[in-house]
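Encoded as structure tokens, the structure appears first; notes follow it.
Numbering (the UniProt record's numbering), first residue to last: 1 to 422.
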């Protein structure tokens, strides 16, 4: 009998009636938890109150951000699945392990069934949602009401500009300030033609929580923002995008979320040339690889090839290095053109990217090969890089009216629907 009891205590992590795990120093527990995949981490919240308090602490979110497996969040554009968010991460072997975050916004946000919210942006574990509408065959965002949400905890806050911006040409973004640890909603003004630019254009910034005092701040744009930002890229507290006007040689623009200033980012010297046209700039996308700003650009004389440039030292033009070349001439990837959008790099060194929300692909630069990932048979989706954050919005956006949505996490393993092209 005594042997059976000792065996049971050993299996439960106890020796001599003492729980070994509970005796570990909190720093050791945090170090262990920060190395787990987020679907496992989500279950760990239910183990005990001590673990729950450790996991929801904002400082844990920052540590987890540096160690978490590569992850993305996507929303199907199919009407039957549009209100479901899928959080997908990749293990060390680059296999998909996807957890479905079921988030029925039309009911859980207290809205009518005819209102469909779309995934607009993702930053540091939070996402930005808004209602889309079409005007003259273009998609716009209704700016009278935006939602900042933590899809893991199901908490969200409603952000209202307070002025009529329904028809204003603005691009909503979500940013995070590493120094002050605050989140900001940024509405970037946008104009399609240089002739329309004037000094009275403004960008609106809203700081979540008590530091923002619930007020929007106007930031003058001047002549810096020449057209509609597309595929904005967030890195180290700065939002980046490509300006495709032919009159702008320094075509990478940025907005520092911390000091709320616009700045130019120098492109690779090879990109600054008289023959750089608007069309050639449409063949460029920005992304982040291993903590560095990256550019993917179609090769000049090879339609099927794309070069990836990485800025090793941020802000230093001479540090741009052409690091990888991807050849899309393989039959299975022929439909991925034009320019892919970089989503990040996997732990095994593979580069993850998507194209027009139809394909999720990883590229192995060491042994040039591609892997197409099939996720729940989805073929059209909105997608953003994503790092799960278990911290409560009650702490992140202290002072904001807080609402709760019902969230169900369903874990599904394996890469059953992934196909390889080697």
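Where a beta carbon is used, it is the ideal one built from N, C-alpha and C, also for glycine. Keep in mind the model is a prediction, meaning the values are calculated, not measured.
Query                                                                                                                                                                                 : Result
Ordered along the chain, which non-local residues of its own chain (more than five positions away) have a Cβ less than 6 angstroms from that of residue 364?                          : 350
Cβ of residue 305 within 8 angstroms of Cβ of residue 325?                                                                                                                            : yes
Tell me, to the nearest whole angstrom, how far the beta carbon of residue 128 is from that of residue 185; I am working on the premise that it is less than 8 angstroms.             : 7 angstroms
Per DSSP, what are the beta-bridge partners of residue 302 in this structure?                                                                                                         : According to DSSP, which records beta bridges pairwise, residue 302 is partnered with nothing at all.
From this set, 53, 173, 267, which residue's C-alpha is nearest residue 252's C-alpha?                                                                                                : 267
One question on the structure: do residue 74 and residue 352 come within less than 8 angstroms of each other, judged by their Cβ atoms?                                               : no
Throw me the rounded Cβ distance for the residue 155 and residue 142 pair, which I believe falls under 8 angstroms.                                                                   : Rounded, the Cβ-Cβ distance is 22 angstroms, inconsistent with contact.
For residue 502 versus residue 219, is the C-beta spacing smaller than 8 angstroms?                                                                                                   : In the structure as shown, the chain begins at 1 and stops at 422. Residue 502 is therefore absent and cannot be evaluated.
What did DSSP end up calling residue 375 once you bin it into helix, strand or coil?                                                                                                  : coil
Alpha carbons only, please: which of 117, 299, 296, 178 is nearest the one belonging to residue 148?                                                                                  : 117
Among 374, 24, 396, which has the Cα closest to the Cα of residue 176?                                                                                                                : 396
Say whether the stretch 228 to 242 touches the stretch 203 to 211, bearing in mind that this needs 3 or more beta-carbon pairs closer than 8 angstroms, one atom from each stretch.   : no
Of the choices 310, 293, 213, whose alpha-carbon is the least far from that of residue 238?                                                                                           : 293
Does the CB of residue 140 have a neighbour CB from chain D at under 8 angstroms?                                                                                                     : Given the protein chain composition of this structure (a single chain), no chain D is represented.
Please report the straight-line C-alpha distance between residue 113 and residue 119, rounded to a whole angstrom.                                                                    : Since pLDDT at residue 113 reaches only 48, below the 50 mark, its modelled position is unreliable, and the value read off the structure follows with that caveat. Distance between the alpha carbons of residue 113 and residue 119 is about 17 angstroms.
Give the DSSP-derived three-state secondary structure of residue 263 in the structure shown.                                                                                          : strand
Label residue 373 either buried or exposed according to how many other C-beta atoms from any shown protein chain fall within 10 Å of its C-beta, with 16 as the threshold for buried. : buried
Are the CB atoms of residue 41 and residue 393 within a distance shorter than 8 angstroms?                                                                                            : no
For residue 233, count neighbouring Cβ atoms within 10 angstroms of its own Cβ and tell me buried if that reaches 16, exposed if not.                                                 : buried
Assuming the contact rule is C-beta atoms closer than 8 angstroms, residue 121 and residue 174 should be a hit. Round their C-beta distance to whole Å, please.                       : 4 angstroms
For residue 319, which residues in the same chain have their Cβ closer than 7 angstroms to its Cβ, ignoring the five residues on either side in sequence?                             : 311, 312, 313
Measure the alpha-carbon distance for residue 435 versus residue 125 and round it to whole angstroms.                                                                                 : No answer is possible for residue 435: it lies beyond the span of the chain, which begins at 1 and ends at 422.
Closer than 6 angstroms by C-beta to residue 38: which residues in its own chain qualify, once you throw out the five before and the five after it? Chain order, please.              : 388
Taking Cβ to Cβ, would you say residue 375 is nearer than 8 angstroms to residue 285?                                                                                                 : no
Which residue comes first and which comes last in the beta strand (DSSP E) that contains residue 25?                                                                                  : Counting along the chain, residue 25 falls outside any beta strand (DSSP E), and DSSP gives it neither H nor E.
In whole angstroms, give me the CA-to-CA distance for residue 145 and residue 327.                                                                                                    : 43 angstroms
Considering only their Cβ atoms, is the gap separating residue 43 from residue 63 smaller than 8 angstroms?                                                                           : no
Quick check on this structure: which residue in 89, 31, 57, 69 has the alpha carbon closest to the alpha carbon of residue 360?                                                       : 89
Could you tell me the alpha carbon to alpha carbon distance between residue 335 and residue 354, rounded to whole angstroms?                                                          : Residue placement at residue 335 is flagged as unreliable, the pLDDT there being 49, under the threshold of 50; the coordinate-derived value follows with that caveat. The straight-line gap from Cα to Cα measures roughly 12 angstroms.
Identify whether residue 318 lies in helix, strand or coil by the three-state DSSP scheme.                                                                                            : helix
With which residues is residue 341 paired in a DSSP beta bridge?                                                                                                                      : 354
Of the choices 54, 46, 47, whose alpha-carbon is the least far from that of residue 25?                                                                                               : 54
Which whole-angstrom value is the C-beta distance of residue 182 and residue 211, which I expect to be below 8 angstroms?                                                             : 6 angstroms
Between the C-alpha atoms of residue 403 and residue 85, what's the straight-line distance to the nearest angstrom?                                                                   : 18 angstroms
What is the rounded straight-line gap between the Cα of residue 171 and the Cα of residue 254?                                                                                        : 13 angstroms
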